[in-house]
Structure formats: C-alpha cells, structure tokens
Amino acid sequence: MARVVAGLATSHVPAIGAAMDLGRTKEPYWKPLFDGYEPARKWLADLNPDVIIIVYNDHGSAFSLEVIPTFAIGVAEKFLPADEGWGPRPVPAVHGHPGLAWHLAESLILNEFDMTIVNEMTVDHGLTVPLSIACGEQKNWPCPVIPLSVNVVQYPPPTGKRCFDLGRAIRKSVKTYDKDLKVVVFGTGGMSHQLHGERAGLINSKFDKNFLADLTRNPQRLIELPHIEYVREAGAEGIEMVMWLVMRGALDENAVEIYQHYHVPASNTATGLMILENQPLTV
Amino acid sequence: MSEFEDIPGTYLFDKDRCHDGYQFNMFCMSLVKPKNRQAFRSDEASYMDKWSLTESQRRSVLERDWLGMIKAGGNIYYTSKIAATDGRSFQFVAAAMSGVPEEEYRSMMMAGGRPVEGNRSKREAD
Ligand SMILES: [Fe+2]
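The structure is reproduced here in structure tokens:
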C-alpha cells in the first residue's frame with residue numbers, strides 16, 4: 041500500500057533557481073537562504089521517497105490564458121523544463137509516475153475533484169525550483185515526480201478550504217494504490233510577495249510567521265482565510281500560499297513539524313520552508 | 014468600490030482584466046519561443062501586428078512602460094516574458110512599476126520589503 045509519509049512546503053521564487061544555475065549561492069546575498077536549505081536537503085535524502093507529488097502553479101508556461109484549469113495533474117512519463125523567456129533552466133528532465141498519477145486522477149475525480157488530466161506539458165520554475173531547493177544540484181532528480189498544478193494566476197483561485205480538502209482526497213487516494221510506495225507531498229509558492237503595480241515589493245513577515253505557526257497545529261484558521269485577506273496582507277501574488285494547504289491536507293491531523301526556515305528577501309519575495317512528518321504507524 | 018479595488022497599487026487579475034488583456038497577454042506568451050523573441054527584437058511594432066492590441070497596450074510595450082502594461086490588462090507573469098526577452102529581471106520590472114531606481118528598490122527589499130502598514134487600503138492611505 042502506498043502512503044503519504046511527509047510534506048514539505050517551500051517558496052518557488054525563480055531567482056532562487058537562477059542563483060543556483062549561475063553558481064551564486066555562496067554570495068552574501070544568497071548564502072543565508074541556501075544555508076537554511078541544507079537541513080531540508082539532508083532530511084529528504086535520508087527519507088529517500090519513492091515519489092514526490094508537487095503542488096505548484098504554472099506561470100503562463102504549459103498553460104496560458106487559452107485554457108485555465110483550476111486543478112491539473114500530469115500523467116506523462118517525462119516533463120521537460122519550460123522556456124519562460126530566457127531559455128529553459130539547465131536542470132534535469134522530470135520523470136513522472138504514470139501509474140500513481142493515473143490512479144490519483146481516477147480516484148480524485150471519483151471523489152468529486154474534477155481534475156484536468158495532462159498527457160503532455162512542460163514544467164516551469166513553480167515545479168523545478170522546489171526540486172532544486174529540496175534536492176540541490178543533481179544530474180538526475182532522485183525520484184519520480186507527479187506535477188499537480190493549481191490556478192492561482194487568474195482570479196479566483198480555489199478557496200483555501202477546497203485546497204485543503206484536495207489534500208485530504210490525495211491522502212485517501214494514495215492509500216488505495218496497491219504498490220508499496222513512500223510518497224512525499226510538496227506545497228509550493230509564497231510567502232508574502234507582490235510582483236506588480238506600485239505596491240510591488242510588499243512583504244508582511246508577521247502574516248508569514250503566523251501562517252508558519254498555524255500550519256501544523258491550527259490549519260483551521262488558515263483554511264478559513266478569504267482571498268482578500270491574502271491579497272491585502274500578503275500581497276497579490278502571496279495568494280499562492282493556498283497551495284501549502286493542499287500539502288497540509290494530505291498529512292495527518294497530528295503530523296509533527298520537523299523543520300522550518302524563513303528568510304527575507306529573495307528578489308521580491310519572503311521565502312519560507314517547512315517540513316511536516318506523519319507520526320509513524322503504531323501497530 | 015470592490016474590496017480588491019480598495020487595495021492601493023494593486024491590479025487583481027480578474028475577469029475584466031483577463032477579457033481586456035487576452036490578446037495582449039497571448040502576444041507576451043508567444044515570447045517563450047526563441048524564434049519569436051528574435052522576430053520581436055528585430056521589429057517590435059510589426060511583430061505586434063499579429064495580435065489585435067489596443068493603442069495603450071502597444072504604446073506601453075514600445076515604451077517599456079511596465080506599469081502601463083499592467084493597467085492595460087497585462088498580467089505580470091505574461092509581461093515578465095517581455096522583460097526576459099530584454100534580459101531584465103523581475104526586480105528591475107518591480108522597481109520600475111513602483112517608480113523608484115532599482116538600487117533603491119533593492120535596498121528596500123534588503124531592509125525587509127515594503128511594509129504593509131499604510132498600504133492596506135486606499136482609504137487608510139489617504
Ligand atoms: Fe509562483
């Protein structure tokens with residue numbers, strides 16, 4: 041039986057990927073951020089998952105405004121890094137897990153989450169930067185990855201509650217897959233940031249720290265946050281944080297916090313990283 | 014005024030902006046292909062003729078008026094592809110939109126970013 045054993049939430053700022061691609065992670069501007077990633081990398085390598093489900097958003101790469109799926113799942117064998125205007129990132133291709141991905145697609149739809157099924161897509165910084173953050177520089181990513189994209193670009197994104205409930209449905213669906221797999225779920229995006237308009241550069245560390253504090257023990261407060269609250273308090277693009285709630289929903293209620301890291305700034309953004317683990321099964 | 018419109022310096026990408034900005038954002042989207050970036054660079058005005066853009070959308074691109082692009086229905090994740098074509102970073106564009114030199118913007122970010130106090134509501138800001 042497959043099972044979700046842990047979750048990792050992280051920002052997916054493109055500049056973090058660029059800093060790695062350009063070999064600038066030891067520079068004073070970047071070092072404190074990357075130092076904070078070391079324990080997470082060690083943790084993930086030790087855990088050695090069989091599959092990672094990455095909940096992220098596409099930023100006008102695989103999807104444009106032509107078709108805007110609220111929730112989409114990639115079922116392909118392989119996903120290539122997208123060209124976002126400056127050429128694709130020089131990172132490995134992402135290998136999928138069609139077996140589990142198709143099982144999830146079926147099971148989620150029958151559990152009333154009407155997923156869009158994607159046979160062919162590229163993956164942009166929303167997915168590759170979290171992999172770089174959690175795995176470091178690699179010739180090959182350590183395990184197969186299932187991309188699960190959420191629309192947070194076109195208003196309205198799904199509600200926090202819907203995202204959390206999707207996470208719960210993922211947890212349930214993973215359990216009904218008949219192969220013995222250790223699955224980790226990533227929730228990505230955020231934290232507070234605004235990229236557009238005269239208010240660009242907005243950061244709200246108080247909001248972020250309360251979000252980090254409540255994610256483990258009091259997700260109910262976060263589930264109920266309306267979109268206006270994110271936009272006003274955490275910046276228009278800070279609404280990406282609803283994707284962290286998918287990860288939270290995929291973990292058990294009594295999941296425990298293993299690690300957190302918070303740093304300002306990476307380019308225009310406040311960055312956060314948090315790791316949660318389910319308690320070991322007591323038989 | 015909608016509660017979103019009450020937030021200063023913020024242009025929520027809602028149904029109206031998507032509708033009005035559709036052609037414009039799809040033009041930006043085309044720049045994810047190297048061949049198209051090259052064609053755009055060699056003759057910006059005629060490259061843009063392939064889409065039915067409004068005068069203010071065309072003007073904002075030709076003048077690299079980054080805030081004007083957003084006001085004309087552009088979405089930042091799409092207009093940033095023009096920036097990438099120019100070899101400009103998100104931070105460059107963000108500084109331009111907020112009307113300060115990039116160095117000053119960068120220092121603001123290093124010092125913890127733009128504070129939310131005074132930036133929550135147009136009424137509050139008055
Ligand atoms: Fe994002």
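In order, the protein sequences belong to chains A and B. First residue of the first sequence? That's 41 in this note's numbering, and the numbers climb one at a time after it. First residue of the second sequence? That's 14 in this note's numbering, and the numbers climb one at a time after it. Beta carbons: idealized from backbone N, C-alpha and C, even for Gly. No experiment lies behind these values; they were computed from the predicted model shown.
Taking each of A:Lys249, A:Leu255, A:Ser213 and A:Thr65 in turn and checking the Cα distance to Trp142 (chain A), the smallest one comes out for A:Ser213.
Between Arg272 (chain A) and chain B, the shortest Cβ-Cβ separation is below 7 Å. Contact with chain A is absent for Glu115 (chain B), since none of that chain's Cβ atoms lies less than 7 Å from the residue's Cβ. Taking a cut-off of 6 Å from the heavy atoms of ligand 1, the residues with a C-beta inside it are A:His52, A:Asn97, A:His99, A:Gly166, A:Gly229 and A:Glu280.
By the CB criterion at 7 Å, Ile56 (chain A) and Ala306 (chain A) fall inside the cutoff.
Residues of the same chain with a CB within less than 6 Å of the CB of Tyr118 (chain B), apart from the 5 flanking positions on each side, are Ala108 in chain order. Distance from the CA of Ala174 (chain A) to the CA of Gly229 (chain A), rounded to the nearest whole angstrom, comes to 14 Å. Gln300 (chain A): member of the beta strand (DSSP E) spanning Val296 to Ala306, first to last residue.
Neighbours of Asn308 (chain A) across chain B, judged by C-beta separation under 7 Å: Phe103, Gln104, Ala107 and Met122. Taken in chain order, the unbroken stretches of beta strand (DSSP E) that lie wholly in the stretch 105-135 of chain A and span 3 residues or more are 111-114. With fewer than 16 other Cβ atoms from the protein chains shown falling within 10 Å of its own Cβ, Ser59 (chain B) counts as exposed. In this structure the stretch 80-88 of chain A lies against the stretch 294-301 of chain A, because at least three pairs of beta carbons, one per stretch, are closer than 8 Å.
The residue from A:Ala133, A:Val282, A:Val158 and A:Leu148 with its alpha-carbon nearest to that of Val169 (chain A) is A:Ala133. Rounded to the nearest angstrom, the gap between the Cα atoms of Gly278 (chain A) and Pro72 (chain A) is 22 Å. Here Phe226 (chain A) carries a strand assignment [DSSP, helix/strand/coil]. Residues of the stretch 186-202 of chain A with a C-beta less than 9 Å from any C-beta of chain B: Val193, Gln194, Tyr195 and Pro196, listed in chain order.
With respect to chain A, the C-beta atom of Gly86 (chain B) has no partner C-beta closer than 7 Å. By the CB criterion at 7 Å, Phe247 (chain A) and Ala274 (chain A) fall inside the cutoff. Within its own chain, the residues whose Cβ lies closer than 8 Å to the Cβ of Tyr270 (chain A), once the five positions on either side in sequence are excluded, are Gly278, Ile279, Met281 and Val282, listed in chain order. Per DSSP, Gly22 (chain B) is not a residue of any beta strand (DSSP E), being assigned neither H nor E. In the three-state reduction of the DSSP assignment, Met314 (chain A) falls in the strand class, which pools E and B. Distance from the Cα of Gly176 (chain A) is smallest, within the candidate group A:Asn308, A:Leu285, A:Leu316 and A:Pro79, for A:Pro79. The beta-carbon of Arg43 (chain A) is placed no less than 7 Å from the nearest beta-carbon of chain B.
Cβ neighbours of Leu105 (chain A) within its own chain (closer than 8 Å, five residues either side excluded): Gln194. Along the stretch 153-179 of chain A, there is no position whose C-beta sits under 8 Å from a C-beta of chain B.
A straight line joining the alpha-carbon of Thr256 (chain A) with that of Ala124 (chain B) spans about 29 Å.
Taken through DSSP and simplified to helix, strand or coil, Tyr270 (chain A) comes out as helix.
The Cβ-Cβ distance between Ser232 (chain A) and Asn97 (chain A) does not fall below 7 Å.
According to DSSP, residue pairing for Val53 (chain A) in a beta bridge does not occur. The distance from the Cβ of Asp164 (chain A) to that of Ala122 (chain A) is about 4 Å, consistent with a contact at the 8 Å cut-off. Here Val44 (chain A) is not near Pro184 (chain A), since their CB atoms are 7 Å or more apart. Contact annotation for His99 (chain A) against chain B: Tyr90 [CB-CB distance below 7 Å, chain order].
Taking a beta-carbon distance threshold of 7 Å, Asp78 (chain B) does not count as an interface residue toward chain A.
Only Ala122, Asp123, Glu124, Gly125, Trp126 and Gly127 from the stretch 116-129 of chain A bring a Cβ to less than 8 Å from some Cβ of chain B. Between the stretch 45-65 of chain B and the stretch 16-33 of chain B, the count of Cβ pairs shorter than 8 Å is below three; the stretches do not touch.
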